[in-house]
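> Going line by line, the protein sequences match chains A and B.
Heads up, the final residue of the first sequence is numbered 254 in our numbering, and it's a clean run with no missing numbers.
Heads up, the final residue of the second sequence is numbered 1102 in our numbering, and it's a clean run with no missing numbers.
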Amino acid sequence: MIETVFHFLPLAGAAAIILLAQTQVRERSERASLALSVGAGLEAAFLLARFFFQSELLWTAGPVVHVASAGGVAFGLITLVDELNPKRPGAMPPMLASHKEAEPNLFLRYFLGFFGLMAVLGAGLNGGGMIRAGVSLLAIGATLAGSVWVERQGPLGRWVLERRPDLVVWSYVHSLRVVNRNTGSSTTHWSAQVGLSTGTLVPLPAMGEQQAQALVMAVMERCPGIVLGFSPENVAKFKSTPEAMRGGSTLNVR
Amino acid sequence: MFLNPSAVLQVFIAGTLGFVVAPHLSLVSKTGGRAMRLAAWALALGVALEFFAPMLMGQLYRLNLPFEPWQVIAPVLGTLFWGCLAWSVLGVVQSAPSKGLQ
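1) I'd like the list of long-range same chain contacts for A:Leu-120, defined as Cβ closer than 6 Å, with 5 residues on each side in sequence excluded.
2) What would DSSP say about A:Ala-50, mapped onto helix, strand or coil?
3) Compare the C-beta of A:Leu-9 with all C-beta atoms of chain B and state if any pair is closer than 7 Å.
4) Which same chain residues end up closer than 8 Å to A:Met-245 when comparing Cβ atoms and leaving out the 5 residues on each side of it in sequence?
5) Please confirm whether B:Thr-1016 has its beta-carbon closer than 7 Å to some beta-carbon of chain A.
6) Is there contact here, the region 1075–1093 of chain B with the region 1039–1059 of chain B, by at least three beta-carbon pairs under 8 Å?
7) Okay, do the region 1043–1061 of chain B and the region 29–49 of chain A touch, 3+ Cβ pairs below 8 Å being the bar?
8) So, is the C-beta of B:Trp-1082 closer than 7 Å to a C-beta in chain A?
9) For A:Val-202, does the three-state DSSP call read helix, strand or coil?
10) Start and end of the alpha helix (DSSP H) containing A:Gln-211?
11) Quick check on DSSP: helix, strand or coil for B:Gln-1102?
12) For a cutoff of 7 Å on Cβ pairs, would you count A:Gly-199 as touching chain B?
13) By a C-beta neighbour count over all protein chains shown, 10 Å radius and 16 as the cutoff for buried, is A:Ala-91 buried or exposed?
14) Checking 7 Å against the spacing of the C-beta atoms, do A:Ala-214 and A:Met-95 come in under that value?
15) Rounded to whole angstroms, how far is the Cβ of A:His-7 from the Cβ of B:Pro-1066, which I believe are closer than 8 Å?
16) Considering only the alpha carbon of each residue, which of A:Arg-222, A:Tyr-110, A:Arg-181 and A:Leu-19 lies closest to A:Pro-93?
17) Shorter than 7 Å from the beta carbon of A:Glu-3 to some beta carbon of chain C?
18) Terminal residues of the continuous beta strand (DSSP E) containing A:Gln-193?
19) Going straight from the alpha carbon of A:His-174 to that of A:Ala-192, what length do you get?
20) Going by C-alpha distance, which of B:Val-1089, B:Gln-1094 and B:Val-1011 is nearest B:Leu-1045?
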């Protein structure tokens, strides 16, 4: 009896998403509302079907259904964020417009995908069922493709400067020195850090100190009135009330 | 665990939501990003309990509870996961006024 009650508990979460999609999201974005409703609805239908029909087919299809429903909700959220924040008029400073960040880390995904493939094949060969293993492989592939799609929407730094420059409150040059203990050699990674009023720090990677400083200046050109430079006071302020940081500039961008 | 496709899939979904989707939401909504990370943690906790803590689960089964422990733990984590996704939708919605209000 208690298991039956708990079986239906996740329905509450899925129902909440459908309710929000239809009452709050729909007026803001039809596309996002549809994706959220389909994603959550798929999971709700699957939960109900699994309770009423004890079918091998449902068990086999489980991984694809879970990925499709979670993917639908994630797609809906990204679409909603994009449509709520359209590109702002006004040209981006050339330094920021031409700034490129590293491509999505495909090596890590291939590496993880290889382990996924081994796990699925291993499970299939050890009596886990080749069809279920194939379905899992499909689901893992869809998850990897989805993560690459999200990252291909563009670097986060450029996204925020193009669409929500009003959120930027702080920027400074940041350097990270990494020392190799075996060889004694060191590498310094430079970046311009962009602090948002939501309390998030977004890095804009640079080739060197001069490029990082130029990036900070370009950020200031795009978002006038932000706080510049790193100091313990700025760190404390950013941690406590980031939204109150707009309004004061200093010349020391370091 | 490494021969279990279900565990691998859950780790992949948790990683994608926590490391790829959540940072995107964090740009405009602190709540949205946090809720998405929490949803990813709920998935990861499910994998950890099911595949890395067989001793703990064994102890629970030995208690002779009037219900099967995993039949209760899994739906609770599932509810946490879907609840956090709903919370993150709410966070993003609240970060911007509706078109009618703009």
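Each residue gets a CB set at the ideal place from its N, CA and C atoms; glycine is no exception.
Answer, in terms of the structure:
1) Leu is not the amino acid found at residue 120 of chain A; the sequence shown has Val there. Ala-133, Ser-136 and Leu-137.
2) It should be noted that the sequence gives Arg, not Ala, for residue 50 of chain A. Here A:Arg-50 sits in helix by DSSP.
3) yes
4) Val-169, Trp-170, Gly-195, Ser-197, Ile-226, Val-227, Asn-234, Lys-237 and Phe-238
5) yes
6) yes
7) no
8) yes
9) strand
10) 209–222
11) Below a pLDDT of 50, predicted positions are generally treated as unreliable, and B:Gln-1102, at 44, falls in that range; no measurement from the model is reported.
12) yes
13) exposed
14) yes
15) About 16 Å; that fails the 8 Å criterion.
16) A:Arg-222
17) You won't find chain C in this structure, because its protein chains are A and B.
18) 186–196
19) 6 Å
20) B:Val-1011
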